[in-house]
Each structure stands twice: as C-alpha cells, then as structure tokens.
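Q: All the letters of the sequence shown, read from the start, carry residue numbers 31 to 115 under my numbering.
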Amino acid sequence: MSTVAVTTVAEIVPARRRGGALGLMNAVVTTGGLIAPALTGYLVDTQGRTGYQHAVLLAAALLTLGGAAAVTLIHPARDARRLAP
31 MSTVAVTTVA EIVPARRRGG ALGLMNAVVT TGGLIAPALT GYLVDTQGRT GYQHAVLLAA
91 ALLTLGGAAA VTLIHPARDA RRLAP
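Here you go:
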C-alpha cells in the first residue's frame, strides 16, 4: 500500500507541500511497522498457535477497511483543488 500511497500523495498535494505530506505518510507507515510485530508477538504469546491466525485475520481486516476508506474518500481531482493554494 505504501507504493500506491506515495503516488497518490504526489498526484494530489501541490509541489510546495509535497515534502511534508510524504514525511507524514512515512511516519504513519513506520508506526504501523513498529506496532505490528509487537501486536503479533502478544497474540502468539497469549493465544499460542491460534494467535497467528488472529494476527493474519486482523491484518486482513485492517487492509480491507483501509482500502474501502481509500476508495470512498480519495478523489484526486477534488482533493487537488482543495489543497491548491
């Protein structure tokens, strides 16, 4: 998703604000990379083998929700007009 997100940010955000928007996006993606292993470890520690299944199901649910939100909320032409100076 981060590859598509970079392209989306580059398309929508004006050039003078693009660096900040990309930095914010990278911060959010990196935070997910810190939380996911800890949460998966917690699930496996507390639930054993079933924890892996719950971790995969949680990841699938989050990806589905994020994809649905992106499809619903992102409209490049409208967003570019709104963010333009």
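All C-beta atoms in this analysis are idealised placements derived from N, C-alpha and C, irrespective of residue type, glycine included.
Name the residue from Leu-69, Arg-111, Ala-100 whose alpha carbon lies nearest to the alpha carbon of Leu-87.
A: Within the sequence shown, the letter at position 57 stands for residue 87. It is Leu-69 whose Cα lies nearest to the Cα of Leu-87.
Q: Can you say whether Val-101 is buried or exposed, counting buried as having 16 or more other CB atoms within 10 angstroms of its CB?
A: Locating residue 101 in the sequence shown gives position 71, where the first residue counts as 1. Looking at its Cβ environment, which holds fewer than 16 other Cβ atoms inside 10 Å, Val-101 is exposed.
Q: The alpha helix (DSSP H) that contains Val-59, what's its start and end?
A: The count along the sequence shown starts at 1 and reaches residue 59 at position 29. Its alpha helix (DSSP H) spans residues 45 to 77.
Q: Have a look at Val-43, Thr-38, Val-36, Thr-37 and flag the residue whose alpha-carbon is nearest the alpha-carbon of Arg-112.
A: Numbered from 1 along the sequence shown, position 82 holds the residue referred to as residue 112. Arg-112 has its Cα closest to that of Val-43, out of Val-43, Thr-38, Val-36, Thr-37.
Q: Here's the rule: buried if 16 or more other CB atoms are within 10 angstroms of the residue's CB, otherwise exposed. What is Ala-89?
A: Along the sequence shown, read from residue 1 onward, the residue named residue 89 stands at position 59. So Ala-89 counts as exposed.
Q: Where do the N-terminal and C-terminal ends of the alpha helix (DSSP H) with Pro-106 fall, by residue?
A: Taking the first residue of the sequence shown as position 1, residue 106 is located at position 76. That run of the alpha helix (DSSP H) goes 106 to 113.
Q: Indicate, with yes or no, if the ligand PLP has a heavy atom lying under 7 Å from the CB of Gly-97.
A: Ligands are entirely absent from the displayed structure, and the ligand PLP is therefore not among its contents.
Q: Pairs of beta-carbons, one from the stretch 33 to 40 and one from the stretch 48 to 55, closer than 8 Å: are there three or more?
A: With a cut-off of 8 Å, the stretch 48 to 55 and the stretch 33 to 40 count as touching, because enough Cβ pairs lie within range.
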